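Participant: Okay, handing you the structure first.
2 protein chains.
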Amino acid sequence: MKSKATSFDIAHMAGVSQSTVSRALSNSPLVNQETRDRIKQIAKDLNYKVDKNASNLRKQHSQTLALLLFEDPTSDDSLINPFFISMLGSITKATAAAGYDLLVSFQNLKDDWHAVYEDSNKADGLILLGYGSYTDYEYKLSQLEEQGTRFLRWGAPDEKHPGISIGCDNFLGGVLVTQHLVDIGHKSFAFIGDADESAPEFKARFDGFMSVIAESKLNADSVVQKDAISTESDGYNAAIEILNTGKPDAIVCASDLIAMGAIRAIRSLGFKVPRDVAVVGYDNIQISEFASTPLTTVHQNTQLAGELLVANLLKLINNEIVTDYLMPPELIIRQSCGRTT
Amino acid sequence: MKSKATSFDIAHMAGVSQSTVSRALSNSPLVNQETRDRIKQIAKDLNYKVDKNASNLRKQHSQTLALLLFEDPTSDDSLINPFFISMLGSITKATAAAGYDLLVSFQNLKDDWHAVYEDSNKADGLILLGYGSYTDYEYKLSQLEEQGTRFLRWGAPDEKHPGISIGCDNFLGGVLVTQHLVDIGHKSFAFIGDADESAPEFKARFDGFMSVIAESKLNADSVVQKDAISTESDGYNAAIEILNTGKPDAIVCASDLIAMGAIRAIRSLGFKVPRDVAVVGYDNIQISEFASTPLTTVHQNTQLAGELLVANLLKLINNEIVTDYLMPPELIIRQSCGRTT
DNA sequence: CTGAAAGCGCTTACAG
DNA sequence: CTGAAAGCGCTTACAG
């Protein structure tokens, strides 16, 4: 194992000063074209790469973005929400395309926030990604902001939270999917998913759902809502409870994972989807297409979302002005909602 | 935005030297318990964190591991193989648990290997994760090894490739799933998946498959094999080709994604799974359980794999001896293979 | 266009 | 147990 070459080694070989090597390698127009090429060739031959630690220390920035994933505390390892996975993929690519590195870390609700500060030190900016509220972190987020840490969060814009958010219009998504159910003739509805402050995305979906119920002059009082976080088993349990009290025409679920559980529950009681009960989800995760009954759901453009998140975080880092942004959701009609014609 | 505190600031406030601060914060037993506590308290109050760039530069290591994901060049963004996603999750956690950071980057076959070297500079060790062969990278891997870069790859142990590998016994997996099909009475078989040098994992699964065919005294000549990389569409196309020439009792697929495509193909021709044609996959990705016909498949313990990968890479970094390791696969029997009794 | 020098914020021998 | 000092490998004013 040979020790790594430094810029001094290159300088020595090229017969120039170390400063010139540094300039040449960073494509400074200050250095003579010819010299620059020669230095680059030598660097290439030696497989030399600039030491990032030294470079970053000197430049006082890291060329690194950190992605902080907030998981639901109950979800087990193997069940990372596929939606986030998809986001992870697009963020990774967008980051790389921008010439930045990506540090990924999972934040656990149980831990204290050590990791965030650590990461904020190693990264020029942070992307926060997670379902549910960042309410628990509000204080920490304020602290980050005070320190001058640049961060963006995925989710609903929210006056009460520090920081800028980029998200998908959950209210509109809830409207789209519920309106479709109404349009094709469903009359009675249930909703599965947390619908309080702790889960702003879910709540917005629920609000969209309720707004359609109200406008359609359906009996809002007959609507059942059951709490659930985004897991298959929560969906299952909530659906069982609902069906024990009565059978709605359609169940609107706050996520595809919940919908998968609801479908399993409906079947376990001997009903058929969508014949006896229609089910719709949210997220358009991969499973939803291949599911036993392909799921009608709401698609969020994760590709675009990743690009937006990275592009805007970079703007933030460059002290440009960034505002909240809400992407439009897209209704995906498959079989689980019933008669589509 | 206030500028960040440094160890000198802490030293000033604590009335000690900067060296002492550094020692206290790294829990050196050299410094007086009381002083240590006082310094730590101040650091906490100031929300001070050690500058990693400076620390790493000085210590000449990065406390960072890099995960290099090799994707099939054809797979589109949204379809990152769920198996890798699961690995990503477990690697992320294992890395964090070990007190390291994780840098994630997607290597694109089209690009040159710049990223690898970059990453090798920012990380103490590399984990290579991808389906298929690393043949194309063989030269680069040798170079990495020469430079003294520590790396581990996920996959089949392979004499011809540099580096140590940790993987799952693909041959045995192929045996398990095929033997089960034979046991429950299937007689004629097809295999979908690349079965040449370029895809060592798939080839090993195929070899396991063929060994069962041979031992079962079935007519090996009648076995059809069609190439496919791990995508739903490749699986679909390959299955269509197979069914156009004849209908085997069972199709063994080199991955779950391929199996999903095969099932779609079988249905599109009016056949039923498993009644007319049984299908089995490999990987036990999340979809396989929720699929229209739950998939019989082979499970690889990604949780363990991630831990093993990280633990062994850390050993490598500490100059301990590490050897190839092959994890046992586990057969998961669901409905797609037919009569299970 | 090029070089000598300072300094980014740490860790760790070295000396006491 | 503590401090003064060197140095990790760069980038970038500063001077020419």
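Chains as they are written, first to last, in the working numbering: chain A, 2 to 342; chain B, 2 to 342.
All C-beta atoms, glycine included, are put in the ideal place defined by N, C-alpha and C.
Nothing here was measured: the structure is a model prediction, and the numbers come from that model.
(1) Quick check on residue 1/B: buried or exposed, where buried means 16 or more other Cβ atoms within 10 Å of its Cβ?
(2) Does DSSP classify residue 42/B as helix, strand or coil?
(3) I need the DSSP call for residue 75/A, collapsed to helix, strand or coil.
(4) What would DSSP say about residue 272/A, mapped onto helix, strand or coil?
(5) Below 8 Å on C-beta distance, what does residue 231/A contact in chain B?
(6) Alpha carbon to alpha carbon, what distance is there between residue 255/A and residue 170/A?
(7) Could you check the C-alpha separation between residue 347/A and residue 127/A for me, to the nearest Å?
(8) What residues in its chain sit with their C-beta under 6 Å from that of residue 70/A, if we drop five residues either side in the sequence?
(9) Thinking residue 248/A and residue 193/A are a contact (beta carbons under 8 Å), I'd like their distance in whole angstroms, please.
(10) Straight-line CA distance for residue 89/A to residue 59/B?
(11) Just by C-beta distance, which residues in the segment 247-271 of chain B are closer than 9 Å to chain A?
(12) Measuring only the C-alpha atoms, how far is residue 252/A from residue 229/B?
(13) Which partner residues does residue 153/B have in the DSSP bridge list?
(14) Output yes if chain A places a C-beta closer than 9 Å to the C-beta of residue 339/B; else output no.
(15) Could you list which residues in chain A have their beta carbon closer than 9 Å to that of residue 292/B, in chain order?
(16) So, does the CB of residue 65/A fall closer than 9 Å to a CB anywhere in chain B?
(17) List the residues of chain A that residue 320/B touches, going by C-beta distances under 7 Å, in chain order.
(18) If you pair each beta-carbon of the segment 61-68 of chain A with each one of the segment 29-36 of chain A, do three or more pairs fall below 8 Å?
(19) So with Cβ pairs under 9 Å, would you call residue 105/A a contact of chain B?
(20) So with Cβ pairs under 9 Å, would you call residue 301/A a contact of chain B?
(21) Spatial neighbours of residue 242/B within its chain, please: CB distance less than 8 Å, with the 5 preceding and 5 following residues excluded, ordered by chain position.
(22) Where does the unbroken alpha helix (DSSP H) through residue 227/A begin, and where does it stop?
(23) Sort 14/A, 207/A and 282/A by Cα distance to residue 49/A and report the nearest one.
(24) Counting only runs that start and end within the segment 188-221 of chain B, where is the alpha helix (DSSP H) found for 4 or more residues in a row?
(25) Counting only Cβ pairs nearer than 8 Å, list the residues of chain A close to residue 45/B.
(26) According to the Cβ coordinates, are residue 150/B and residue 105/A closer than 9 Å?
(27) Could you tell me whether the segment 280-300 of chain B touches the segment 286-300 of chain A, where touching means 3 or more Cβ pairs closer than 8 Å?
(28) Closer than 7 Å, Cβ to any Cβ of chain A: which residues of the segment 20-34 of chain B, in chain order?
(29) Excluding five sequence neighbours on each side, which residues of the same chain lie with their C-beta closer than 7 Å to the C-beta of residue 18/A?
(30) For the segment 295-341 of chain A, list the alpha helix (DSSP H) runs that are entirely contained and at least 4 residues long, ordered along the chain.
(31) Identify, in the order they occur along the chain, each residue of the same chain with its Cβ nearer than 6 Å to the Cβ of residue 158/B, setting aside the five sequence neighbours on each side.
(32) Which chain B residues sit within Cβ distance under 8 Å of residue 41/A?
(33) Any Cβ of chain B within less than 9 Å of the Cβ of residue 86/A?
(34) Identify whether residue 111/B lies in helix, strand or coil by the three-state DSSP scheme.
(35) With residue 335/B and residue 297/B assumed to form a contact (beta carbons below 8 Å), what rounded beta-carbon distance in angstroms separates them?
(36) Tell me residue 106/A's beta-bridge partners as DSSP assigns them.
Facilitator: Reading it off the structure:
(1) Since the first residue shown for chain B is 2 and the last is 342, residue 1/B is missing from the structure and cannot be characterised.
(2) helix
(3) The pLDDT assigned to residue 75/A is 47, lower than 50, so where the model puts this residue is not dependable; a value taken from the coordinates is nonetheless given after this. Looking at residue 75/A - three-state DSSP - the assignment turns out to be coil, as it is neither helix nor strand.
(4) coil
(5) Here the premise fails: no neighbours, minimum Cβ distance about 13 Å.
(6) 13 Å
(7) Past the boundaries of the shown model lies residue 347/A; chain A is included only from 2 to 342, so the question cannot be answered.
(8) 107 and 130
(9) Contact doesn't hold; Cβ gap of about 14 Å is too wide.
(10) 32 Å
(11) 261, 264 and 265
(12) 39 Å
(13) 128/B and 165/B
(14) no
(15) 288, 291, 292 and 293
(16) yes
(17) Those within 7 Å of residue 320/B in chain A number zero; the least Cβ separation is about 10 Å.
(18) no
(19) yes
(20) no
(21) 227
(22) First-last for residue 227/A: 225-227, but that is the beta strand (DSSP E), not the alpha helix (DSSP H).
(23) 14/A
(24) 201-216
(25) Under the 8 Å cutoff, chain A gives no residues; its nearest Cβ is about 10 Å from residue 45/B.
(26) no
(27) yes
(28) none
(29) 12
(30) 303-318
(31) 166 and 325
(32) Residues of chain B passing the Cβ test: none, with the nearest at roughly 13 Å.
(33) yes
(34) Confidence is the limiting factor: at residue 111/B the pLDDT is only 47, short of 50, which leaves the residue's position unreliable, though a coordinate-based value still follows. Residue state, collapsed to three classes: coil.
(35) 5 Å
(36) 69/A
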